[in-house]
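Participant: Take this structure first; my questions come after.
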Amino acid sequence: MFILQSIEQLEKAIIKAKKTRTQVKFIKFGVYAVSGSNGFYTVKCERGAHGEKIVNCECLGASKGLVCYHAASALALHVGLARQRQAA
Ligand SMILES: [Zn+2]
Numbered sequence: 023m024f025i026l027q028s029i030e031q032l033e034k035a036i037i038k039a040k041k042t043r044t045q046v047k048f049i050k051f052g053v054y055a056v057s058g059s060n061g062f063y064t065v066k067c068e069r070g071a072h073g074e075k076i077v078n079c080e081c082l083g084a085s086k087g088l089v090c091y092h093a094a095s096a097l098a099l100h101v102g103l104a105r106q107r108q109a110a
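Here this note's numbering runs 22 ahead of the position in the sequence shown, where the first position is 1.
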């Protein structure tokens, strides 16, 4: 897992996600299934006790604290949904 501090962290991962045509499936708010090289990974986006944005992906890269393209793809959807919720 990693803590999202700025959108710049995601830039490289977003480029990779576009190249690999990553698919994102909505499971519920904050939980997404993202296509990877070995099937789908579950990505969870949640708020920590101090309001930090915690992103968890099941893949090996994320377990080492890297910003993976699965997480970047899920976040792109999550951020849009979170905005809609605030507006509603
Ligand atoms: Zn991942």
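Note that the Cβ used here is the ideal one computed from N, Cα and C, for glycine as well.
Going by C-alpha to C-alpha distance, which of V101, E74 and E33 sits closest to C90?
Facilitator: When only C-alpha atoms are compared, the closest one is E33.
Participant: Report the partner residues of A93 according to the DSSP bridge assignment.
Facilitator: Answer is none; A93 lacks a bridge partner.
Participant: With a threshold of 16 other CB atoms inside 10 Å of the CB of G58, please say whether the residue is buried or exposed.
Facilitator: Classification of G58: buried, given that the 10 Å Cβ count is 16 or more.
Participant: When the distance is taken between beta carbons, is G87 closer than 7 Å to F24?
Facilitator: Contact flag set, yes.
Participant: So if I measure from each beta-carbon to every heavy atom of ligand 1 and keep distances below 6 Å, which residues remain?
Facilitator: Those residues, listed in chain order, are Y63, C79, C81, G83, A84, C90, H92 and A93.
Participant: Can you say whether S95 is buried or exposed, counting buried as having 16 or more other CB atoms within 10 angstroms of its CB?
Facilitator: So S95 ends up on the buried side.
Participant: What span of residues does the alpha helix (DSSP H) with S85 cover, start to end?
Facilitator: Counting along the chain, the alpha helix (DSSP H) containing S85 begins and ends at L82 to S85.
Participant: Assuming the contact rule is C-beta atoms closer than 8 Å, C67 and H100 should be a hit. Round their C-beta distance to whole Å, please.
Facilitator: Correct: roughly 5 Å between the Cβ atoms.
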